[in-house]
Amino acid sequence: MKCGWVENLIPEYFEGILDQYQLDLVTQHLENCGDCKLELDAIDRLLDLVDNVEVEYPSAMKWNGFWGDLRRKIALVQVDQRSSFLNLGWYYSNIWKFAGIGCMLLLAVLLCLQLFGNVSFLMYPYRNTEDFRAVNQFFGEIPIVQILEQINFEEQEIGFVWESDLVSNLESVDLHNSFPDTVAESWYLTDLTELDFLVYPSGNLDNVVLTSMK
Amino acid sequence: MKDVPDRVFVQKVTSGDTEAFGELVRRYHKRIYELAYRFSRHPEEAYDLSQEIFLKAFNALERFRGSSGFYTWLYKIGQNTCIDYTRRKSTWSELPFINDFPSDDSWLHPSTAHGSTTKFLENKELSHEINSAIDQLSPRQKQVFVLRHYEGLALRDIADVLDLKVGSVKAHLFNAIRKLRVRLTPYIQ
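Read top to bottom, the protein sequences are chains A and B.
According to the working numbering, the residues represented by the first sequence are 8 to 221, in order.
According to the working numbering, the residues represented by the second sequence are 4 to 192, in order.
Written out as structure tokens, the structure reads:
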């Protein structure tokens, strides 16, 4: 094997990155070739020399002020970030543009549903009197002859009591509300002469459908 | 304070306590400085570079997920910043100290004043000469050489960091050693 070929492989040999075949060839050659052995020693010394260069530090005063310098730079960055917010620099960030477009689209969809769909998103405050009137009006349409008493009105719990001989005709009770989850409870009392609706604070009772067997 | 794990300070910093970052800086600024020095070969540059690394880390700290240790994460930022630095500084004559030396190199030779290589290693000027030799490598050769010899990375890891093929890393390393060999021949014979 020629020395030139081996010399080219010496750096890799020293790095330990030769494959086994090349390693065997180089090792064998080095045993018999003084020049290449010298080259290997030279690179060994070179890397030793380079590896042993000491790290040079800045002056003690500067070194001790490392965190102080950094702290000032951090403060400057923080001031820049705040001022860029006030200068509406954030407005030009793409993420805010996409968020704005997303909000506009969402509003448009909700408006369409409100106007053309059978869904109501507009909340209005609970109004005891009007809601109760609506219930009363509806009760006028169902075949229960007489509502004798309404109880617990002030507590948003609307109760009705009727003549017990008519209750046996009652088949089902459905509560209808703009927000189905907000009127969640109704129950019969044991003697089946009363029907109570518990209207939650955010709820708004639209109507009640009582279906009679008659 | 030394026993407190890094993540405690990281949490404090992300909660708005900037001073807690000072403890993390005190723990690691020497190691980060040394990393920066190996790439920059100059104390002023290394100082600025290590400040830049910590500043980047501070700004990115909210994105630190804790899947690795804080230092590992910081070191990665440092490595990338140093690699970017070598790209920026492709003209190494910009560095001030290189121009401070006589052009004939005669004063550097071991035989002129000193008896042994060991003594020369203690000599600041020799360090500068070695730094100068490394600085005159191409940016790629320098990145590969520093990552291999000073950071101890395996060739495959260097290839990943620099987005190169392993064969290219070998070639850059080979050429770097050959250049250094030529430049530093007087000191190794």
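The C-beta atom is built at its ideal place from N, Cα and C for all residues, glycine as well.
Please tell me whether Pro-46(B) has its Cβ less than 8 angstroms away from any Cβ of chain A. yes
Member of Glu-22(A), Gln-27(A) and Arg-52(A) whose CA lies at the smallest distance from the CA of Leu-187(B): Arg-52(A)
Less than 8 angstroms between the beta carbons of Leu-16(A) and Leu-25(A), yes or no? yes
Element boundaries [alpha helix (DSSP H), containing Leu-176(B)]: 169 to 186
Verify the CB distance criterion: does Thr-21(B) have a CB-CB separation below 8 angstroms to chain A? yes
What residues of chain B sit near Trp-74(A), judged by a beta carbon separation below 8 angstroms? Gly-25, Val-28, Arg-29 and His-32
Work out the CA separation of Leu-156(B) and Met-111(A) for me, nearest whole Å. 52 angstroms
Within 8 angstroms (strictly less), CB to CB, does Glu-65(B) reach chain A? no
Distance cutoff 8 angstroms, beta carbons only. Does Tyr-74(B) sit that close to anything in chain A? no
Name, please, each residue of chain A whose Cβ falls closer than 7 angstroms to the Cβ of Ser-18(B). Result: empty, since nearest Cβ-Cβ is about 15 angstroms, beyond 7 angstroms.
Can the beta-carbon of Ser-43(B) be found less than 8 angstroms from the beta-carbon of Tyr-88(B)? yes
Would DSSP call Cys-40(A) helix, strand or coil? coil
Mind checking if Ile-108(A) is an interface residue toward chain B, Cβ cutoff 8 angstroms exclusive? no
If Val-149(B) sits next to Arg-41(B), beta carbons under 8 angstroms apart, how far is it from one beta carbon to the other, in whole angstroms? 5 angstroms
So does Ile-17(A) have its beta carbon nearer than 7 angstroms to some heavy atom of the ligand ADP? Ligands in the displayed structure: none, and consequently the ligand ADP is not present.
Since Leu-140(B) contacts Ala-179(B) with CB under 8 angstroms, what's their CB separation in whole angstroms? 5 angstroms
Proximity of Leu-176(B) and Glu-22(A) at Cβ, strictly below 8 angstroms: yes
Between which two residues does the alpha helix (DSSP H) containing His-45(B) stretch? It is not in any alpha helix (DSSP H) - His-45(B) carries neither H nor E in the DSSP assignment.
What in chain A is Cβ-close to Phe-42(B), meaning under 9 angstroms? Going along chain A, no residue has its Cβ under 9 angstroms from Phe-42(B), so there is no contact; the nearest lies around 12 angstroms.
Between Leu-58(B) and Leu-77(A), which are expected to be in contact by the criterion C-beta below 8 angstroms, what is the C-beta distance as a whole number of angstroms? 7 angstroms
By the 10 Å Cβ neighbour count, where 16 or more other Cβ atoms means buried, how is Tyr-36(B) classified, buried or exposed? buried
Looking at Phe-73(B): is its Cβ nearer than 8 angstroms to the Cβ of Asp-9(B)? yes
Contact criterion: CB-CB distance below 8 angstroms. Does Asn-62(B) meet it with respect to chain A? yes
Helix, strand or coil, according to DSSP, for Asp-108(B) in the structure here? Summary for Asp-108(B): the model assigns pLDDT 41, below 50, so the residue's position carries little reliability, and this model does not support an answer.
Reduced DSSP category for Leu-156(B) - H, G, I as helix; E, B as strand; rest coil: coil
Under the three-state DSSP convention, the category Asn-59(A) falls into: coil
Does DSSP put Ile-24(A) in a helix, a strand or coil? coil
Buried or exposed by the 16-neighbour rule on C-beta atoms within 10 Å, applied to Glu-19(A): buried
Which bits of chain A does Gln-54(B) rub up against, with CB to CB less than 7 angstroms? Asp-76, Leu-77 and Lys-80
Could you give the residue range of the alpha helix (DSSP H) that holds Gln-82(B)? 73 to 91
When the cut-off is 8 angstroms and only beta carbons count, does Phe-177(B) lie next to chain A? yes
Beta carbon proximity, Leu-77(B) to chain A, threshold 8 angstroms: no
Are His-131(B) and Val-57(A) touching if we call contact CB-CB under 8 angstroms? no
Reduced DSSP secondary structure (H/G/I, E/B, other) of Pro-142(B): helix
C-beta neighbour in chain B for Phe-102(A), strict 8 angstroms: It should be pointed out that residue 102(A) corresponds to Ile in this sequence rather than to Phe. Not an interface residue.
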